[in-house]
Each structure stands twice: as C-alpha cells, then as structure tokens.
Amino acid sequence: MHFKPSGICAIGIDFEVVDDRVYDVRFTGGCDGNHKGLAALIEGMPVQEAIDRLSGITCGPRSTSCPDQLARALQEYSSKKAV
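Numbering (the numbering used here), first residue to last: 265 to 347.
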C-alpha cells in the first residue's frame, strides 16, 4: 500500500501486509538510516501491535513523526480492509 504522509520530511510510505503482519516498509525521503531501522524493527509485526507501539510518537516540536505517520498508514489500511 502507498500512503502520502503529512507533517514529516518523508514524502511517501509504502508497505505490504501479509496474514495481518507488516512487511517491506519503505519511506521515500527523510532520514534514510532511521527509516531502515524502523522498518527492520517492525518487519513481521502484527498490524495492530505496530499501530499501538507507533501511534502518538512526536518529532521535536511537530505533533507527528515518521513512526506516527506509519501508524496512521497502517490504520488506514486496517480501515479499508474492514469495509
């Protein structure tokens, strides 16, 4: 799935979900090393667990962050899947 984040340096987030687990997270733009680390940490994690762990994380004075935007992307995926 592709997600266009807002309020962060990255301009895109892509990921796959297989059997309700997160795989192959890729950020376009932003801090490459941090994004690779975040992707490695949640690889294979259940979608809801990733949402619970990442939601609400902020970056400096911003009200959101790359992890928070990834959580929002996963929430959007979950909402679309439920329809």
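All C-beta atoms, glycine included, are put in the ideal place defined by N, C-alpha and C. Keep in mind it's a predicted model, so treat the numbers as computed, not measured.
**OP:** Label residue 327 either buried or exposed according to how many other C-beta atoms from any shown protein chain fall within 10 Å of its C-beta, with 16 as the threshold for buried.
**Re:** Taking the first residue of the sequence shown as position 1, residue 327 is located at position 63. With fewer than 16 Cβ atoms within 10 Å of its Cβ, residue 327 is classed as exposed.
**OP:** With DSSP collapsed to three states, give me the class of residue 283.
**Re:** On the sequence shown, position 19 is the one that residue 283 refers to. In this structure, residue 283 counts as coil in the three-state DSSP scheme.
Original post:
Mind checking residue 275: buried by the 16 CB within 10 Å criterion, or exposed?
Top reply: Here residue 275 refers to the residue found at position 11 when the sequence shown is read from its first residue. So residue 275 ends up on the exposed side.
Subject >> Span separating the alpha-carbon of residue 344 from that of residue 333 >> reply: Numbered from 1 along the sequence shown, position 80 holds the residue referred to as residue 344. Numbered from 1 along the sequence shown, position 69 holds the residue referred to as residue 333. Each residue's Cα considered, the two are about 16 Å apart.
**OP:** Could you tell me the boundaries of the alpha helix (DSSP H) in which residue 315 lies?
**Re:** Along the sequence shown, read from residue 1 onward, the residue named residue 315 stands at position 51. Where residue 315 is concerned, the enclosing alpha helix (DSSP H) stretches over 311-318.
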